[in-house]
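Here is the structure we will look at, set down as structure tokens.
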Amino acid sequence: MGSGIPELLDKKHHDRSDIMALLQCREEEAPLLFRKAASVRDRYVGTHVYLRGLIEYSNICGKNCLYCGVRRDNVRIDRYTLTREEVLEAAMTAYNLSFGSIAIQSGENSSKVFVDTIEELVRTIREMTDGKLGITLSLGEQSRETYQRWFDAGAHRYLLRIEASSEALYRRVHPDDDMHRYHRRLECLKVIQETGYQTGTGVMVGLPFQTMGDLADDIIFMRDFDIDMCGMGPFIEHTDTPLGERGTDNLFLKERFNLTLRMIAILRIIMKDINIVASTAMQTIDPAGREKAISCGANVVMPNLTPARYRAGYQIYEGKPGYREINESNVSGLNLDLIPGMSLGLGTWGDTPHFGRRINAR
Ligand code: SAH
Ligand code: SF4
């Protein structure tokens, strides 16, 4: 007979079958998993929720991922790019509200204008805030030179989700062409880490064709890669995409939500001192989704600072909330009453102890 959940939770090392057992534990056992993850978080990264102000820079994307509403072939959205002033204003909003950092995200674009503009924006934001506002980039696959230039300009974290660590699954949710190669994505992630960024990755939970084994392997992938940050969220169908045209059922969404909570909790227990995002996709399925993710071990949220008029343009999945949800009296948009013991980590970058240890070990 295998071990029970309490014994599994106390193990020092978890192998694939342990992870599978935790992913599939009985509903009544899940609170044990969640509580353990929260206590590991408290002990290793503390009881602060760090804020990254999200700036969705542009929805112009050269790629055609089969799940994403921003994909190149979706002609039903208006394409936009924020002006320089809009980006700087959003960054200053984050700074003035004492957010430790911002995250600039965008559809994928490698043009010279794009690369130069981002470089200049990063440099300007660093100058305007005396280097106090941390800058995360999530701008997809780029050349080694581009990653280096943005790093030299002052960005210090990069988030590139592997989306699915199984190559077979990756191929099923992307077009079969040279713009969408698993090995290139993996190579980019390595280059990001080598460049010196705090490196984040993650996956979607509940993709079509995904198995429990795939999810267990995703966790093992993140451990083996020794990531510093993770952003994971449930897959949510978008009707104007090949994988979403049949819509979905709320029951399935709820299941993906619950499975994502388990993924977060297990990852926290296995990679104790990394930063884990409570994603907006969680909030899309459940208004208290981010708070629930925090109760299961997450410690970062990304309040949206994109100007409201671009709302319709950045619907990566349907129903995405959170535009200008924040205000002076509630800078995170979170309901802190739902997460007793946790407080906002304001005015600090909120780096992970993990990154410091990883660099020192070199
Ligand atoms: N273009 C960049 C960053 C923007 S997309 C990139 O692809 O890396 C940011 C994330 O949105 C993706 O990594 C993906 O995991 C997520 N996403 C896209 N479509 C989604 C969907 N239908 N449901 C849930 N998450 C989705
Ligand atoms: Fe573009 Fe990113 Fe969406 Fe893929 S996931 S279509 S790269 S915005």
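Just so you know, the sequence shown maps onto residues 1098 to 1459 in my numbering. Cβ atoms here follow ideal geometry from the backbone N, Cα and C, with glycine treated the same way.
query: Heavy atom of the ligand SAH within 7 Å of R1258 beta-carbon; result: yes
query: Check: K1417 C-beta below 7 Å from any heavy atom of the ligand MG; result: For the structure depicted, the ligand MG is absent and the ligand set comprises only the ligand SAH and the ligand SF4.
query: Stretch pair the segment 1224-1237 + the segment 1186-1196: three plus CB contacts closer than 8 Å; result: yes
query: Contained alpha helix (DSSP H) runs [length at least 4] in the segment 1173-1241, N- to C-terminal order; result: 1181-1193 and 1209-1225
query: Distance cut-off 7 Å: K1369 Cβ against heavy atoms of the ligand SF4; result: no
query: Identity of the residues DSSP links to R1149 by a beta bridge; result: S1198
query: Exposed unless 16 or more other CB atoms sit within 10 angstroms - verdict on N1235; result: Note that residue 1235 is Ser in the sequence shown here, rather than Asn. Classification for S1235: buried.
query: Per-residue DSSP class, three states only, for E1260; result: strand
query: Bridge partners - I1373, DSSP secondary structure assignment; result: C1327
query: N- and C-terminal bounds of the beta strand (DSSP E) containing Q1295; result: Q1295 to T1298
query: Assigned exposure category for A1362 - 16 Cβ within 10 Å defines buried; result: buried
query: Residue interval of the alpha helix (DSSP H) (run including L1356); result: N1347 to I1367
query: Contact under 8 Å by Cβ, G1430 with P1450; result: no
query: Where L1433 sits in the DSSP three-state scheme; result: helix
query: Counted within 10 angstroms of its Cβ, other Cβ atoms place S1046 as buried (16 or more) or exposed; result: Since the first and last residues shown for the chain are 1098 and 1459, residue 1046 lies out of range.
query: N1396 (DSSP reduced to helix, strand or coil); result: coil
query: Range covered by the beta strand (DSSP E) that runs through G1453; result: First-last for G1453: P1450 to N1457, but that is the alpha helix (DSSP H), not the beta strand (DSSP E).
query: Inter-residue spacing [alpha-carbon to alpha-carbon] between I1174 and P1339; result: 15 Å
query: M1329 vs V1300 beta-carbon contact at 8 Å; result: yes
query: Top-ranked residue by Cα proximity to R1241, from A1252, T1226 and T1292; result: T1292
query: Helix, strand or coil at R1408 according to DSSP, with G and I counted as helix; result: helix
query: Spatial neighbours of N1161 in its chain, beta-carbon cut-off 6 Å, leaving aside the 5 residues before and after; result: R1168, R1169, D1170 and P1272
query: Where M1098 falls, given that 16 or more other Cβ within 10 Å makes a residue buried; result: Reliability fails at M1098, whose pLDDT of 47 lies under 50, so the model's placement of it is uncertain and the value that follows must be treated cautiously. Answer is exposed; the Cβ neighbour count stays below 16.
query: Collapsed DSSP secondary structure at L1286 in the structure displayed; result: helix
query: V1428 CB to nearest heavy atom of the ligand SF4 below 7 Å; result: no
query: Inter-stretch contact at 8 Å, needing at least 3 Cβ pairs: the segment 1216-1225 / the segment 1246-1255; result: yes
query: Secondary structure of M1098, DSSP reduced to three states; result: At M1098, the pLDDT of 47 sits below 50, so the modelled position is not reliable; the number obtained from the coordinates is stated separately. Note: M1098 maps to coil in three-state DSSP.
query: Cβ distance (whole Å) where Y1147 is taken to contact G1447 below 8 Å; result: 3 Å
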